[in-house]
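Reviewing the structure listed below.
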Amino acid sequence: MNAVSGERTTSQERRFQLLVDAVTDYAIYMLDPTGTIVSWNPGAQRFKGYVESEIIGEHFSRFYTEEDLATNLPKRALETAAREGKFEAEGWRVRKGGTRFWAHVVIDPIRDPHGNLLGFAKITRDLTEKKKTEEALKESEERFRLLVQGVTDYSIFMLDLQGLVTNWNAGAQRIKGYAESEIVGRHFSQFYTEHDRATGLPERALETAAREGKFEAEGWRVRKDGTRFWANVIIDPIRTDRGELIGFAKITRDITERRKAQEALEEAQAALFQAQKMEAVGQLTGGVAHDFNNLLTIIVNNLDLLTRNAHDARDIKLIESAQRAAERGAKLTQQLLAFSRRQPLQPNAHNPNILIEGFETVLRRACGELIRLQLSLAPRVRWISVDAPQFESALLNLVVNARDAMPDGGTLKIMTGNVTLEEKDAATTSLAPGHYVSIAVQDTGTGMAPDVVSRVFEPFFTTKEIGKGTGLGLSQVYGFVTQSGGHIKVDSAPDQGTRVTMLLPAQESGEDTPEENGDETDRPVRDSAGTVLIVEDEPAVREVASDIFDSLGYDVVTASDANEALRILDANTSIDVLFSDVIMPNGMNGVELSRKAREMRPDLRILLASGYPMSALPSEGLGAGVSFISKPYRWTELAEKLRVLRTGS
4 MNAVSGERTT SQERRFQLLV DAVTDYAIYM LDPTGTIVSW NPGAQRFKGY
54 VESEIIGEHF SRFYTEEDLA TNLPKRALET AAREGKFEAE GWRVRKGGTR
104 FWAHVVIDPI RDPHGNLLGF AKITRDLTEK KKTEEALKES EERFRLLVQG
154 VTDYSIFMLD LQGLVTNWNA GAQRIKGYAE SEIVGRHFSQ FYTEHDRATG
204 LPERALETAA REGKFEAEGW RVRKDGTRFW ANVIIDPIRT DRGELIGFAK
254 ITRDITERRK AQEALEEAQA ALFQAQKMEA VGQLTGGVAH DFNNLLTIIV
304 NNLDLLTRNA HDARDIKLIE SAQRAAERGA KLTQQLLAFS RRQPLQPNAH
354 NPNILIEGFE TVLRRACGEL IRLQLSLAPR VRWISVDAPQ FESALLNLVV
404 NARDAMPDGG TLKIMTGNVT LEEKDAATTS LAPGHYVSIA VQDTGTGMAP
454 DVVSRVFEPF FTTKEIGKGT GLGLSQVYGF VTQSGGHIKV DSAPDQGTRV
504 TMLLPAQESG EDTPEENGDE TDRPVRDSAG TVLIVEDEPA VREVASDIFD
554 SLGYDVVTAS DANEALRILD ANTSIDVLFS DVIMPNGMNG VELSRKAREM
604 RPDLRILLAS GYPMSALPSE GLGAGVSFIS KPYRWTELAE KLRVLRTGS
């Protein structure tokens, strides 16, 4: 090497040394092949606390922790660098005073041109602050994860840009029923109803969140088992520091119970408003009716006076016409007073089934020929305390309204039953919890829209044509039920028919109870002629026939139609005689009933009653043991027919 080259090399080494000495953010120093420190820069002094004179000639392992020394990490680091050309790692290192710092370490082997190992170059950087930041972030993320996972009242999870679920918390599993392994990677739209999916609601929700910064709504959502719950949903977009959209956060809460409570409150408020409105209208109509009665009193008495002095036929006719109009006005005032609950009632304990059955003939006539009337009266129904004539009038009003709603015919059903109101049910009816009797009139007619249903009990409100109704029928029913301590409800929809239900307080003391088995010696004993099943749809005729058969010594069982009679025959083996009217409702007549009865009981004696001539009745296939009697019949004729049936002569 000539002098010039030597000077150039020395100059380069000097510049390199100046560069190394200028670096203070990195510890840069040299090790010999055994790991002894042979150089030291200011950065190393700043990080590790040793001045050059203290550390040159010392082994670099003194910078390692006791844990690393126990695993012989310094030796392995040099071996790795020599073997692989580099060793790089992060870990705790020790300063001069014994404090620790988190270091990033790189060790490179130094070789001569012939490949001989001359030593190692070691570069260390203090990353303690970065490590603290990372650990703080990690700890924060862990706390946040534990917080999210600990929330069970809210479903909290993340979505990617396509709407696929990327994580899942415990609340989501509790509310929606899916375990994390079942749902991660699937699209969140499966929580929506079919209708919402068909209208594209899930996609619109993500678009709204991305565009407006938030999407919030309430609606039905679907659990894993297919059941629905009412949910409050919030979707927020997740963006990077640069504003890039990377996904969505979705929070869902099950508020089904809150919705139910709100609906119950709204129903109670609506019921209270309706009751207050009807009470106000009732007070008004009551005052009008009272004043109208006073006017009618004057009109009627003056008409009576005119009648005494009238002699001309035309005058008498005009006065009588005015009197009929006054009578109609008096009837209207009675209905108004019934609605306003100012008409005095005379309640007594009654079995509602007996009241309905006793009024059945009138109800059937009111229905007309196109309407099929069915009675479904619950056995052992509780008694009620009502004014019987007013009860019948209310029932007739309901039947007439139902008939008018079925101009082309249909089915009208009257039903009774026992009802127990719980605390939550009583709130919507303004009734106290307890036992009630339900009397319902249901038709298959045209039905009513909600706005009509809300007004049906208002006086003079009617949907009928002019001249077809006064609009006071249902008002009278409302007044009667309310004055009797009950509640009336209308369920109806267009083309779905109407059901009007009267709830009346049950009288516990009047409830039917089974007869106790008393001492048989206290009862009169008589010889029974057998058991007769009387089938008759007219209650009054059925009652007369029962009295006659009872006087003839028979035990009596009754039925109102053929179907009921067949059920009794199927269940009761003690019946000896079937006594039936020929003409009956509900399709099957007495002759057809007789044929079916003989199939069930070949030895059954049958007596048929009819107003038609005997020759007009189809009797083929009835066989022996069947006889006819004409209406009207006397008990002596009936007794003779039964004797012939029994003896055959």
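Residue numbers (our numbering): 4 to 652.
Glycine included, C-beta positions come from ideal geometry on N, C-alpha and C.
Keep in mind that this is a model prediction, so the values were computed, not measured.
Of the choices the options, whose alpha-carbon is the least far from that of residue i?
i	options	result
residue 413	570, 372, 132	372
residue 50	129, 115, 116	129
residue 197	222, 438, 448	222
residue 596	643, 330, 539, 551	539
residue 535	489, 80, 582	582
residue 543	166, 403, 360	360
residue 127	96, 101, 156	96
residue 365	60, 395, 603	395
residue 158	179, 164, 231	179
residue 114	211, 33, 72, 54	33
residue 502	459, 557, 480, 446	446
residue 482	505, 76, 47	505
residue 426	316, 417, 438, 189	438
residue 357	391, 40, 324	391
residue 194	251, 174, 209, 227	227
residue 738	546, 327, 497	Because the chain here runs from 4 to 652, residue 738 falls outside it and cannot be looked at.
residue 572	494, 550, 598, 585	598
residue 448	237, 404, 477	404
residue 500	545, 453, 488	453
residue 58	69, 44, 70, 68	44
residue 249	492, 240, 579, 608	240
residue 252	320, 167, 186	167
residue 108	118, 94, 98	94
residue 110	138, 117, 79	79
residue 218	585, 206, 224, 567	206
residue 591	327, 569, 550	569
residue 441	169, 459, 383	383
residue 177	232, 212, 136, 125	232
residue 199	212, 633, 224, 125	224
residue 654	243, 185, 393, 82	The requested residue 654 does not occur in the structure, where the chain is confined to residues 4 to 652.
residue 646	611, 532, 601, 567	532
residue 88	75, 124, 488	124
residue 210	185, 230, 186, 238	238
residue 68	102, 42, 54	102
With a threshold of 8 Å on Cβ separation, who are the neighbours of residue i within its own chain once the five nearest residues in sequence on each side are excluded?
i	result
residue 510	352, 385, 386, 387, 388
residue 381	356, 418, 419, 420, 421
residue 161	168, 169, 170, 241, 250, 251, 252, 253
For residue i, which residues does DSSP report across the bridge?
i	result
residue 494	502
residue 441	420, 506
residue 168	162
residue 221	235
residue 387	353, 509
residue 631	611
residue 315	In the DSSP output, where bridge partners are listed per residue, residue 315 has none listed.
residue 535	559, 580
Who are the near neighbours of residue i in its chain, counting only those whose CB is closer than 7 Å to its CB and skipping five residues on each side?
i	result
residue 521	Bear in mind that the predicted position of residue 521 carries a pLDDT of just 35, short of 50, making it too unreliable to give a figure here.
residue 370	376, 402, 406, 415
residue 100	52
residue 85	112, 120
residue 530	Only weak support is given to the placement of residue 530: the predicted model assigns it a pLDDT of 49, under 50, and the question is left unresolved by the model.
residue 423	438
residue 327	none
Report yes or no: is there a C-beta of chain D within less than 9 Å of the C-beta of residue i?
i	result
residue 260	The structure shown contains no chain D, having only a single protein chain.
In chain order, what residues of the same chain lie with their CB nearer than 6 Å to the CB of residue i, ignoring the 5 residues before and after it?
i	result
residue 131	104, 105
residue 47	30, 32
residue 63	34, 38, 40
residue 603	572
residue 649	none
residue 495	450, 451, 456, 501
residue 616	Residue placement at residue 616 is flagged as unreliable, the pLDDT there being 47, under the threshold of 50; the coordinate-derived value follows with that caveat. Contacts found: none.
residue 256	157, 235
residue 258	233, 235
residue 262	233
residue 42	32, 33
Checklist entry - Can you list the alpha helix (DSSP H) stretches of 4 or more residues lying completely in the segment 42-116, in chain order? => result Those alpha helix (DSSP H) runs which fall completely within the segment 42-116 and span 4+ residues are 45-51, 55-58, 69-73, 76-87.
Next on the checklist: Which complete beta strand (DSSP E) runs does the segment 562-592 hold, if anything under 3 residues is left out?
Outcome noted: Counting whole runs of 3 or more residues, the segment 562-592 contains the beta strand (DSSP E) stretches 580-584.
Next on the checklist: What ranges does the beta strand (DSSP E) occupy inside the segment 537-566, keeping only unbroken runs of at least 3 residues that lie completely in it?
Outcome noted: Secondary structure within the segment 537-566: the beta strand (DSSP E) runs of 3 or more consecutive residues, fully enclosed, are 557-562 (chain order).
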